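Report on the structure given below.
4 protein chains.
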Amino acid sequence: MEEITELFVEVNVEVKFSEVDALQIVWHGHYIRYFEDAREAFGKQYGIGYLDIYEHGFTIPIVQVSCNYKAALKYGDTAVVRCTYVKTLPAKIIFAFTIKKPGSDTIIAEGSTVQVFLDDKGILQLYSPEFYDKWKIKMNLA
Amino acid sequence: MEEITELFVEVNVEVKFSEVDALQIVWHGHYIRYFEDAREAFGKQYGIGYLDIYEHGFTIPIVQVSCNYKAALKYGDTAVVRCTYVKTLPAKIIFAFTIKKPGSDTIIAEGSTVQVFLDDKGILQLYSPEFYDKWKIKMNLA
Amino acid sequence: MEEITELFVEVNVEVKFSEVDALQIVWHGHYIRYFEDAREAFGKQYGIGYLDIYEHGFTIPIVQVSCNYKAALKYGDTAVVRCTYVKTLPAKIIFAFTIKKPGSDTIIAEGSTVQVFLDDKGILQLYSPEFYDKWKIKMNLA
Amino acid sequence: MEEITELFVEVNVEVKFSEVDALQIVWHGHYIRYFEDAREAFGKQYGIGYLDIYEHGFTIPIVQVSCNYKAALKYGDTAVVRCTYVKTLPAKIIFAFTIKKPGSDTIIAEGSTVQVFLDDKGILQLYSPEFYDKWKIKMNLA
């Protein structure tokens, strides 16, 4: 059972020349980096970034990524990437993403990522690490 | 209704130093390029590549991509990326992908892409272009 | 004869997880993109961006790039990339780049790029296009 | 004093769709990866790859890269990247690169990379590590 929350960050992404392909639009694979930019900003803002998690002895590799493309971004465009925390019971971190242009409600792309916890031996954690449960309580997400 | 077919290509991908991240594994976003490598090889082998399609006056942007990661690739690994044609009725091109190590049946990652047809004015095609229907007949996919 | 000028822009670059390699430092090839980020910001700020130039019927491909690496950037670091205009007589656009950490004088990397003018038929221009001469006069660079 | 040698490898690179920019040519930054592909192939073939060196307790970060672009590569092109060992007295590894099309003598791009030795504490080595001197003798490069 997954439930979208009110917890999100937004980052602005400026389309770089090197990101545009021969069709004059952003190559679809770069959206995965845009998602990562927003996910990292979320981690920084709410104290749940890669380095925070690494200090607790865990890594959180991506196990699933998906993206739906509704419209295209061109060279020179600015995009607003929103990364929203999605509640779930299993020992996973799920984020939902939307990409829009500034001041627009039209969705250019939307997607999601799922991450799991590995301990410092690389063993998959079936239960959420304690620090993560505490973080969820602190954020009113539990 | 989608139906996996017997039509596929396989390409070998060698993990490059620049593709490995701080966790010593291939950064998840690079799998999207691996998929593209295999998809392009499919297009070349079966006469349905970007340039073939462009000659008919169409482009085929990606509208959906997804990937599930089951295991990791490390620097120096070789991976076999299989791109399999998936039959579908709508005016779309769907491919399924698996990534394995040579001689292994263990799936490292699997995913899919969906592409649509735009004409030379950028208009979405609700019906498959004629050249594509002909291609499907020629390939016994219709 | 090349002469460094006082005309520059600075952009902040945050090191992304996907940019760090197995040595835990930014992969050297990404600095080329950092240079491009700063060069594009320069173009935007001073009205000499790709799109401005394209409107005048020219493209400005890179014909030379070089980078010297003095120190490393790590995940989470912020870098200040400075792009400085370099005066030269031939029909070229030359920029010099330095990368430092905010508030530091230590050079992490420095480099340069050289661009030439092609007209809309792809012909190399031996003399600077008129619009570029005018731009240089306007910027007191002539 | 640097001296080009007869020791080289060549790799074939196929231009990918994602590598082509809005000008329909390979984005200049990707040539740095092409160089790396050839450099890694050299390391593999002659037993001087990253992993070989790492086993001896050293890393070999890039401290200098340069590239001159003479012509362009387009989507669908195949390029032959040659990585040639360059003899030098200091504790450095220098490679020269050329990129040509198969069966052509026209140089599309040429460049070089310089690497230094760091020990496992990250200290720059002023003298070549012993294993490297032995390797040079074995390869008749000393």
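Residue numbers (the working numbering), protein chains in the order written: chain A, 14 to 155; chain B, 14 to 155; chain C, 14 to 155; chain D, 14 to 155. Cβ coordinates follow ideal geometry from the N, Cα and C atoms, glycine included. Please read these numbers as outputs of a predicted model, since none were measured by experiment.
Secondary structure note for I150/B: its alpha helix (DSSP H) is the uninterrupted segment 143-151. A84/A places its beta carbon 9 Å or farther from that of N25/A. A distance below 6 Å between beta-carbons, with the five flanking residues on each side excluded, links D90/D to the following residues of its chain, in chain order: V28.
Taken through DSSP and simplified to helix, strand or coil, A85/A comes out as coil. Excluding its 5 nearest sequence neighbours in each direction, A54/D has C-beta neighbours in its own chain below 6 Å: V22, V24, listed in chain order.
What R46/D touches in chain C, judged by beta-carbon distance under 7 Å, is G42, going in chain order. As computed with DSSP, E27/C is found in a beta bridge with T91/C. Apart from sequence neighbours up to five positions away, the residues of its chain that approach T119/B with a beta-carbon distance below 7 Å are A84, K113, ordered along the chain. Our two residues, L64/D and H41/C, have alpha carbons roughly 18 Å apart in a direct line. Residue-level contact check: L36/A touches chain B, since one or more beta carbons of chain B fall below 9 Å from its beta carbon.
Residue pairing for L131/A: DSSP places it in a beta bridge opposite T72/A, L137/A. The region 94-102 of chain A and the region 66-78 of chain A do not touch, with fewer than 3 CB-CB distances between them shorter than 8 Å.
DSSP lists V129/D as the beta-bridge partner residues of K105/D. Proximity of E49/A to chain B, defined by a Cβ-Cβ separation below 9 Å, is satisfied. Those residues of the region 81-100 of chain B placed with their C-beta closer than 7 Å to a C-beta in chain C are Y88, ordered along the chain.
Not one beta carbon of chain C lies nearer than 9 Å to the beta carbon of V78/B. D133/B counts as exposed, since fewer than 16 other beta carbons sit within 10 angstroms of its beta carbon.
By the neighbour-count criterion, in which a residue is buried when 16 or more other Cβ atoms sit within 10 angstroms of its Cβ, Y88/D is buried. Within the DSSP secondary-structure output, T97/C pairs in a beta bridge with F21/C, A109/C. Straight through space, the alpha carbons of F130/C and P103/B are spaced by roughly 46 Å. Taking F30/B as the centre and dropping the five residues before and after it, the same chain places the C-beta of Y88 closer than 8 Å to its C-beta, in chain order.
Put simply, the backbone Cα of K149/D is about 10 Å away from that of I61/D. Neighbours of V33/C in chain B, taken as residues at a C-beta separation under 7 Å, are given in chain order as D34, A35.
Beta-bridge partners of S117/C (DSSP): none assigned. In the three-state DSSP reduction, G124/A falls in the strand class (E or B).
In chain order, C96, F108, T126 place their CB closer than 7 Å to the CB of R52/D, counting only its own chain and leaving out the 5 sequence neighbours on each side. For the 9 Å CB-CB criterion, H69/A and F144/A form a contact.
In this structure, DSSP gives I45/B a helical state, which the three-state scheme calls helix.
In the structure shown, I61/B adopts coil according to DSSP, grouped into three states. Comparing C-alpha distances from Y82/C to each of D34/C, Q58/C, T111/C shows the shortest one belongs to T111/C. Collapsing the DSSP output to three states places E16/C in a strand. Residue environment analysis places L139/D among the exposed positions, since fewer than 16 neighbouring C-beta atoms fall within 10 angstroms of its C-beta.
Distance between E19/A and L36/B, taken at the CA atoms: about 30 Å. Distance between K147/C and V33/A, taken at the CA atoms: about 29 Å. In terms of beta-carbon proximity, I75/D lines the interface with chain C, with at least one pair separated by less than 9 Å.
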